[in-house]
Amino acid sequence: MSKILITGAAGFIGSQLAHRLYQKKNEVVLVDDFSYGSEDNLIFDDIDFRETIHREDIRNLQAMDALFREENFDIVYHIAGITPLPDCQTNPVDAVDVNVRGTVIMLDMVRKYGVKKMIFASTSAVYENNTDFPSTEDHVEKPSLVYPSTKYTAEQYCRAYWDAYGIPVVVLRFANVYGPHIDCLRTQPPVMGYIIREYLSGNKPVLHSTGEQERDFIFVEDLIELAILVSGSDKYDTVNVSTGTTVSINTIAKLIAKEMDCEDRGIDYADTSHYWYRYPALYEKPYPINGKLLENEVLKYTCLSNAHAREVYGWTPKTPLEEGIKKTVEFCVRELKKAGVGK
Ligand SMILES: NC(=O)c1ccc[n+]([C@@H]2O[C@H](COP(=O)([O-])OP(=O)(O)OC[C@H]3O[C@@H](n4cnc5c(N)ncnc54)[C@H](O)[C@@H]3O)[C@@H](O)[C@H]2O)c1
């Protein structure tokens with residue numbers, strides 16, 4: 108049994124990870140400031156984390172110092188972060204403060220209190236400017252957008268703490284993650300949450316460009332299995348968390364429609380320039396971003412090699428896409444109905 112801190116534990120991935128680590132008989136300590144995430148994510152059949160979670164900002168130095176001093180952690184899973192691309196783009200100071208400074212605060216607590224290792228949630232978005240596929244861990248073309256830039260910078264500090272203090276950190280670069288607890292309620296949810304919400308509302312989802320953009324989607328339970336395996340590492344490592352295969356957004360939409368019994372509803376298509384239409388701040392003042400960057404983001408192809416995860420950690424993703432989508436639809440429909448969608 109280990110004593111494990113999970114930051115961002117009210118979020119999609121952090122809550123599922125906390126539950127799995129708890130099921131594996133670890134002592135888990137959860138932190139989240141609820142800037143995203145939800146109380147509902149903390150309720151499981153066998154445990155309710157709502158009472159015990161520390162409702163704190165990871166940037167609160169005093170609170171973090173007291174927590175680390177009291178708890179004597181063996182491992183830290185640093186999952187907290189500001190993730191939505193438009194939020195990072197239109198509020199870069201906060202994005203850097205949470206994603207970069209917040210990570211350095213965690214690293215420094217790990218150093219100060221002799222925690223054995225840290226696992227850091229990074230992203231495949233760091234490969235946004237790569238042109239060679241599948242992307243491998245050893246080659247990143249420097250990113251342009253704020254979100255991946257913060258994560259890439261935070262990765263550098265993880266490396267710096269390994270070089271200077273020998274603190275083992277495993278950086279996990281997640282592909283597009285899907286599964287139960289995905290956020291389907293926020294303004295611009297991840298694509299699967301969006302498509303499910305539109306079908307449940309009686310609408311057609313609007314896909315941008317042709318919908319033939321292909322991405323690498325990883326099911327959250329497969330990700331968690333690898334996140335636990337890498338905690339055996341005693342050195343610095345960077346690991347892609349991916350299937351190494353791609354699927355088009357059209358295929359995703361059709362599989363969701365099939366699962367929700369609304370295949371005859373169809374799909375609408377729109378120009379890429381309107382992708383973030385709910386975020387006028389991205390197009391107008393104060394952050395009139397270079398339109399080409401947004402277009403690249405909408406059209407981007409992602410495919411990450413998982414050879415390193417297979418060879419070093421003996422991991423393979425196991426969940427077939429159809430099964431993962433079924434579980435995602437079940438979760439989102441339940442949550443959306445609770446929130447009054449589709450009534
Ligand atoms: N979901 C994906 O597809 C994906 C892909 C690549 C990387 N990631 C990374 O994985 C991590 C988790 O992603 P997610 O999808 O679960 O996001 P999420 O938004 O559901 O969870 C992040 C959690 O961090 C918390 N948080 C944010 N700032 C905080 C602060 N200052 N102090 C304490 N808590 C704070 C939020 O309240 C939220 O609950 C993120 O770091 C993200 O960048 C996610």
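Counting from 108, one number per residue, gives the positions in the sequence shown under the numbering used here. Cβ coordinates follow ideal geometry from the N, Cα and C atoms, glycine included.
Residue from the options whose Cα sits closest to the Cα of residue i
{"i": "lysine 361", "options": "Ile160, Arg166, Val298, Ser242", "result": "Val298"}
{"i": "valine 405", "options": "His185, Thr197, Tyr376, Lys110", "result": "Tyr376"}
{"i": "aspartate 462", "options": "Thr257, Met225, Glu305", "result": "The first residue shown for the chain is 108 and the last is 450, placing residue 462 beyond what the model contains."}
{"i": "tyrosine 420", "options": "Tyr268, Val233, Asp341, Cys195", "result": "Asp341"}
{"i": "threonine 257", "options": "Asp239, Pro312, Pro199", "result": "Pro199"}
{"i": "asparagine 413", "options": "Ile356, Thr352, Gly398", "result": "Thr352"}
Distance cut-off 6 Å: residue i Cβ against heavy atoms of ligand 1
{"i": "tyrosine 143", "result": "yes"}
{"i": "alanine 117", "result": "yes"}
{"i": "asparagine 283", "result": "yes"}
{"i": "aspartate 205", "result": "Note that residue 205 is valine in the sequence shown here, rather than aspartate. Indeed, a heavy atom of ligand 1 lies less than 6 Å from the Cβ."}
{"i": "alanine 416", "result": "no"}
{"i": "alanine 228", "result": "yes"}
{"i": "glycine 273", "result": "no"}
{"i": "aspartate 153", "result": "no"}
{"i": "threonine 190", "result": "yes"}
{"i": "lysine 396", "result": "Here residue 396 is isoleucine; the residue named in the question, lysine, does not match the sequence. Not so, every heavy atom of ligand 1 lies at least 6 Å from the Cβ."}
{"i": "alanine 187", "result": "yes"}
{"i": "isoleucine 359", "result": "no"}
Same chain, Cβ closer than 6 Å to residue i, neighbours up to 5 away in sequence not counted
{"i": "phenylalanine 438", "result": "Pro287"}
{"i": "threonine 197", "result": "Ala388, Tyr394"}
{"i": "lysine 110", "result": "Glu134, Phe180, Asp181"}
{"i": "valine 211", "result": "Tyr264"}
Residues of its chain near residue i, where Cβ-Cβ distance is below 7 Å and the 5 sequence neighbours each way are ignored
{"i": "glycine 188", "result": "Gly115, Val205, Asn206, Ala228"}
{"i": "glycine 300", "result": "Ile289, Asp290, Cys291, Cys439"}
{"i": "isoleucine 331", "result": "Gln123, Leu124, Arg127"}
{"i": "alanine 170", "result": "Glu163"}
{"i": "isoleucine 230", "result": "As written in the sequence, residue 230 is threonine, which differs from the isoleucine given in the question. The answer, listed in chain order, is Pro255, Lys258, Arg280, Phe281."}
Residues near residue i in its chain [Cβ-Cβ closer than 8 Å; skip 5 each side]
{"i": "tyrosine 285", "result": "Pro297, Met299, Phe324, Ile325, Phe326, Val327, Gly431, Ile432, Thr435"}
{"i": "glutamate 146", "result": "Ala117, Arg157"}
{"i": "arginine 417", "result": "Thr423"}
- [ ] Quick one: which unbroken beta strand (DSSP E) runs of 3-plus residues sit fully inside the region 134-200? Chain order, please.
- [x] Correct list: 134-139, 182-185.
Open item on the list: Threshold first: 4 residues or longer. Then list the alpha helix (DSSP H) segments lying entirely within the region 286-371, N to C.
Closed with: Counting whole runs of 4 or more residues, the region 286-371 contains the alpha helix (DSSP H) stretches 298-307, 327-336, 356-366.
Task: Segments of 3+ residues assigned as beta strand (DSSP E) that fall wholly inside the region 375-422 - done: Unbroken beta strand (DSSP E) runs of no fewer than 3 residues, entirely contained in the region 375-422, are found at 375-377, following chain order.
TODO: Pick out the complete beta strand (DSSP E) segments inside the region 221-269, 3 residues or longer, and give them in chain order.
DONE: Here the runs fully enclosed are 224-230.
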